[in-house]
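What follows is a short report on a single structure.
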Amino acid sequence: MICEVRASSWLIAHVAKDLGIHKEALRGWVRRGEADRGERDGRLTSAEQDALRQLHKEAAELRQANEILKAASVLLPRRRRSTVPDAAEQAMDRLCDRGLGVGPRLPGP
0 MICEVRASSW LIAHVAKDLG IHKEALRGWV RRGEADRGER DGRLTSAEQD ALRQLHKEAA
60 ELRQANEILK AASVLLPRRR RSTVPDAAEQ AMDRLCDRGL GVGPRLPGP
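The sequence shown begins at 0 in numbering that gives the first Met the number 0 and counts up one residue at a time.
Structural data, given as C-alpha cells:
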C-alpha cells in the first residue's frame, strides 16, 4: 500500500478510497514507513518506539515494586539506634558512682 502511494502521484485520500481503508490510517502507515527509512525528521522509528515502549513498561514495573517494598517496610520492625546507653556504658557508670574510678587510662611513667 505504501509503495502504491509513493509510486503514484495520487493523493493519499484517493489511494485509501481505492483500497477501502480510512485515509488517516494510510497516512499514518506512510509516515511510519518514511520515519523507518530516515526520510522524516522528528518521528521515532518503529524500533525506537518499541524500545521506548519497553522502557515505559519497565519503569511502571519498578514503580510498582517500589510501592510494594514501601508497603512491606511498614510491617517490618524499625532498627534505630537507641538513646539508652548500652550495657557496658551502664556498668561503667555504676562503677564510677561507687567511687571505683573506672575511666580512661592515662599513660603512666
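Built from N, CA and C at the ideal position, the CB exists for glycine as well.
All values reported here derive from a predicted model rather than from experimental measurement.
{"Item": "Kindly indicate which three-state DSSP category residue 19 falls into: helix, strand or coil?", "Value": "coil"}
{"Item": "Which first and last residues belong to the alpha helix (DSSP H) in which residue 92 is found?", "Value": "86 to 96"}
{"Item": "Using the three-state DSSP reduction, which class does residue 38 fall into: helix, strand or coil?", "Value": "coil"}
{"Item": "Which term fits residue 25, buried or exposed, when burial requires 16 or more other beta carbons within 10 angstroms of its beta carbon?", "Value": "buried"}
{"Item": "With 16 other CB atoms within 10 Å as the buried threshold, where does residue 72 fall?", "Value": "exposed"}
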